[in-house]
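All remarks here apply to the structure that follows.
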Amino acid sequence: MPQTPVILDPLPAGSWRLEEIPLSALGVADADDFDGFWLQLSDAIPAPTFYVDDIRLIGADSPEPTNEPVNVVVDAARNRRPISPLIYGVAFASSNELALLQAPLNRSGGNAETRYNWELNARNHAADWYFESLPAGPAIPGGAADDHVSKSKAAGSEPILTVPMIGWMPKLGPNREKLASYSIAKYGPQTDNDWQWFPDAGNGIGTNPVTQTSWLITTNDPYDAHFLTNSDFQQAWIHHLTNRWGLSTNGGVRYYCMDNEHTLWNSTHRDVHSVGTTMQEIRDKFFDYGGKVKDVDPGALLLAPEEWGWTGYFYSGFDAAWAAEHNDWNPAHFPDRAANGGWDYMPWLLDQARQHEIDTGRRLLDVFTLHFYPQGGEFSDDTSTAMQLRRNRSTRALWDTNYVDETWINSVVKLIPRMREWVETHYPGTKIGITEYNWGAENHINGATAQADILGIFGREGLDLATRWTTPEPGTPTFKAMQMYRNYDGNGSAFGDVSVFAGGPDPDNVSVFAALRSGNGALTLMAINKQLSITSPLAVTLTNWTPGGTAQVWRLTSANAITRLADVTFSGNAFTNALPPQSITLFVIAPGQPPVLREPALTNGVFRFLLEGRPGQKYVIESSGNLANWTPVGTNQLSGNSILVEVAPVESVRFYRAMQAP
Numbered sequence: 000m001p002q003t004p005v006i007l008d009p010l011p012a013g014s015w016r017l018e019e020i021p022l023s024a025l026g027v028a029d030a031d032d033f034d035g036f037w038l039q040l041s042d043a044i045p046a047p048t049f050y051v052d053d054i055r056l057i058g059a060d061s062p063e064p065t066n067e068p069v070n071v072v073v074d075a076a077r078n079r080r081p082i083s084p085l086i087y088g089v090a091f092a093s094s095n096e097l098a099l100l101q102a103p104l105n106r107s108g109g110n111a112e113t114r115y116n117w118e119l120n121a122r123n124h125a126a127d128w129y130f131e132s133l134p135a136g137p138a139i140p141g142g143a144a145d146d147h148v149s150k151s152k153a154a155g156s157e158p159i160l161t162v163p164m165i166g167w168m169p170k171l172g173p174n175r176e177k178l179a180s181y182s183i184a185k186y187g188p189q190t191d192n193d194w195q196w197f198p199d200a201g202n203g204i205g206t207n208p209v210t211q212t213s214w215l216i217t218t219n220d221p222y223d224a225h226f227l228t229n230s231d232f233q234q235a236w237i238h239h240l241t242n243r244w245g246l247s248t249n250g251g252v253r254y255y256c257m258d259n260e261h262t263l264w265n266s267t268h269r270d271v272h273s274v275g276t277t278m279q280e281i282r283d284k285f286f287d288y289g290g291k292v293k294d295v296d297p298g299a300l301l302l303a304p305e306e307w308g309w310t311g312y313f314y315s316g317f318d319a320a321w322a323a324e325h326n327d328w329n330p331a332h333f334p335d336r337a338a339n340g341g342w343d344y345m346p347w348l349l350d351q352a353r354q355h356e357i358d359t360g361r362r363l364l365d366v367f368t369l370h371f372y373p374q375g376g377e378f379s380d381d382t383s384t385a386m387q388l389r390r391n392r393s394t395r396a397l398w399d400t401n402y403v404d405e406t407w408i409n410s411v412v413k414l415i416p417r418m419r420e421w422v423e424t425h426y427p428g429t430k431i432g433i434t435e436y437n438w439g440a441e442n443h444i445n446g447a448t449a450q451a452d453i454l455g456i457f458g459r460e461g462l463d464l465a466t467r468w469t470t471p472e473p474g475t476p477t478f479k480a481m482q483m484y485r486n487y488d489g490n491g492s493a494f495g496d497v498s499v500f501a502g503g504p505d506p507d508n509v510s511v512f513a514a515l516r517s518g519n520g521a522l523t524l525m526a527i528n529k530q531l532s533i534t535s536p537l538a539v540t541l542t543n544w545t546p547g548g549t550a551q552v553w554r555l556t557s558a559n560a561i562t563r564l565a566d567v568t569f570s571g572n573a574f575t576n577a578l579p580p581q582s583i584t585l586f587v588i589a590p591g592q593p594p595v596l597r598e599p600a601l602t603n604g605v606f607r608f609l610l611e612g613r614p615g616q617k618y619v620i621e622s623s624g625n626l627a628n629w630t631p632v633g634t635n636q637l638s639g640n641s642i643l644v645e646v647a648p649v650e651s652v653r654f655y656r657a658m659q660a661p
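So in numbering that gives the first Met the number 0 the end of the sequence shown lands on 661, straight run, no missing numbers.
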């Protein structure tokens, strides 16, 4: 049979591309069988090396594999909890991105903000970029921060700024020239440098090319690219912000992170803070700098301690450095821990903040905030099958009190319940937040389903505030996953703001979240099929809530478009649907009319009520003598819009009501 070759476009070196070739393009669409096919180069001599990762033959009419039905029960009267709108925050977003996401918070944070010099409008980028002190824009005091505030407020979002507490601020050379903490001219050859833009800036790791040895440079002079400062310098910045934008209670900046990831300073910022931070150092800095912020703006809300991750929750930077140096991770041996009564770090810090309020009459810590990144490689672009399945499971670390983290952590993280327990025990009344998190695969539907799962968890578990690190690129599946919660129709329609119970069999495969809208009474249900290749039949039953006759259906799949599908129709208080592999589906269910029990008539010694409701729905008639304790007296299913219900009279005064039955 004659064949037509398919010529593939050139492939850039070091890259991969998916190619889909219909058999019709080869001229063999109607062949009964074939014994092989060939990949060959047309004219390249010698032939370059290339790799083929996988070859699959896909039948045009092959049905997708299906799973057992996923039975979901939504109980609108159970586990009711307000969902804070502040859990949908991002970082460093533009005004347009904020508007598309309807994001309530826009954080300016991270390592470079630890050394933002507001007077010079300059930053040192620490270990992120060769410890360079660089201009953050024109020589306008506070310019970069003011720009962040302006962009945020233009989109109706609240900005979050970071108050540096490290005590060193970057300086610049003549004409705002960049400066290096580890000058190669001064400190010798190093294992890496900013060869393209600033070749003299090294990475602070000395090297001897002859002996092929390397070492951390510990003799650098912090004054090479910095000057020493204190809390008064930062208080002057707060004055600048309130003069420019007003007080926090009058349209100004409301939220301040009190620096960033302190237990890593001896690594990330080792050019100015080579010794690990102690528990008391961070406590004292927080009281000092936090007090200066609230002296100027008493209504400002302070977020702290902004710790990086698991070890930082329990051990100070000093103890972590000691443990690494001595290869001894037994907390009983940690010197800083011993100096502070053997406490775990975060509970100790909360207790110290509570005691400070008792002593001074002023609360400094408003939101207890931590960072969390999964430690199994999820925060990457890896979309191998194994990593996708791990990504699906590992969101359990945020909530599951039985899930043992599968990485070096090897413990039950239960992050949000743990944070709540710590606060309730050591500083009641403090809100909780996660101001950095990221599960990776931003450009893949697997990253999108993880992001949707995370936002649902945040709402269900009662987190008060969250900001993703950073903002997904517009147009990516992960960006659209966030829109599914905040702006799925492009008109600002959103997932509900009162979480209610939604139960399913296995959240590693299909996770479900439900919430009521306080505005119009609609019930919203987010169903996330995380499975890589299995379509899941979905069966939903609603209790303690009367639905209208249909529900809107909005869906995001690997096709990367939020699409409104045909409405689903209810059968009584239930409906069914099919969830495609790796999909996010939002059901928006308008409320139906509540049942009406008309005033009874006594006929032949029997009370006769007229029960009005929705055809096909079951209703329970209940009676009470005190309007507090109710007893079922009968269940009726409507075949039409109403039905006569007979109840035998009793001698005492009784009240009757109709309720939707499960």
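Just so you know, even glycine gets a beta-carbon here, dropped at the ideal spot from N, CA and C.
Everything numeric in this text was worked out from a predicted model, so none of it was measured.
Residue 135 counts as buried, since at least 16 other C-beta atoms from the protein chains shown sit within 10 angstroms of its C-beta. Using a Cβ distance threshold of 7 Å, residue 399 and residue 431 do not count as a contacting pair. With a cut-off of 8 Å on Cβ pairs, the segment 412-426 is not in contact with the segment 512-532, counting fewer than three such pairs. In terms of Cβ geometry, residue 125 and residue 267 form a close pair [threshold 7 Å]. In the three-state scheme derived from DSSP, where H, G and I count as helix and E and B as strand, residue 553 is classed as strand.
The bridge partners DSSP lists for residue 618 are 635, 659. The Cβ atoms of residue 114 and residue 159 lie no closer than 7 Å to each other.
Annotation note: the segment 316-391 contains the following uninterrupted alpha helix (DSSP H) runs of length 4 or greater, listed N- to C-terminal: 316-325, 334-337, 344-359.
DSSP, read as helix, strand or coil, puts residue 92 in coil.
Here residue 498 really is in contact with residue 78; their C-beta atoms are around 7 Å apart, less than 8 Å. Counting along the chain, the unbroken beta strand (DSSP E) around residue 168 starts and ends at 167-169. Secondary structure at residue 99: helix, using DSSP grouped into helix, strand and coil. The segment 382-400 and the segment 331-343 do not touch, with fewer than 3 CB-CB distances between them shorter than 8 Å. With contacts defined as CB atoms closer than 7 Å, residue 180 and residue 258 fail to qualify as a contacting pair. With a cutoff of 7 Å on beta-carbon distance, residue 343 and residue 313 are scored as near each other. With respect to residue 470, residue 446 sits apart: the two C-beta atoms are not nearer than 7 Å.
Put simply, the segment 447-456 touches the segment 478-498. At least three CB pairs are less than 8 Å apart. Here DSSP, grouped into helix, strand and coil, assigns residue 186 to helix. Cα atoms of residue 569 and residue 599: separation of roughly 30 Å, rounded to the nearest angstrom.
Remark: three or more beta-carbon pairs, one from each stretch, lie closer than 8 Å, so the segment 247-257 and the segment 289-308 are flagged as touching.
In the displayed model, residue 653 falls within coil according to three-state DSSP, outside both helix and strand. The beta-carbon separation of residue 137 and residue 496, rounded to 41 Å, does not stay under the 8 Å limit for a contact. For residue 525, the enclosing beta strand (DSSP E) has its first and last residue at 522-528. When C-alpha distances from residue 309 are compared across 272, 68, 433, 423, the shortest belongs to 433. In this structure, 131 is the residue among 218, 131, 208 with its C-alpha nearest to the C-alpha of residue 193. In the three-state reduction of the DSSP assignment, residue 410 falls in the coil class, being assigned neither a helical nor a strand state.
Residue environment: residue 649 is assigned as exposed (fewer than 16 neighbouring CB atoms within 10 Å of its CB, all protein chains considered). When DSSP states are grouped into helix, strand and coil, residue 143 belongs to the helix group. Secondary structure note for residue 402: it is in no beta strand (DSSP E), with a DSSP letter that is neither H nor E. Only residues of its own chain outside the window of five on either side were considered, and among them 122, 124 have a CB closer than 6 Å to the CB of residue 111, listed in chain order. Three or more beta-carbon pairs separated by less than 8 Å are not found between the segment 604-616 and the segment 500-509, which leaves the two stretches without contact. For residue 122, the pairing in a beta bridge is given by DSSP as 115, 133. Per the DSSP secondary-structure output, residue 138 pairs with nothing in a beta bridge. Distance from the CA atom of residue 272 to the CA atom of residue 356, rounded to whole angstroms, is 29 Å. Residues of the same chain with a CB within less than 6 Å of the CB of residue 402, apart from the 5 flanking positions on each side, are 395 in chain order.
Counting only runs of 3+ residues, the beta strand (DSSP E) found wholly inside the segment 195-223 occupies 197-201, 204-207, 212-215, in chain order.
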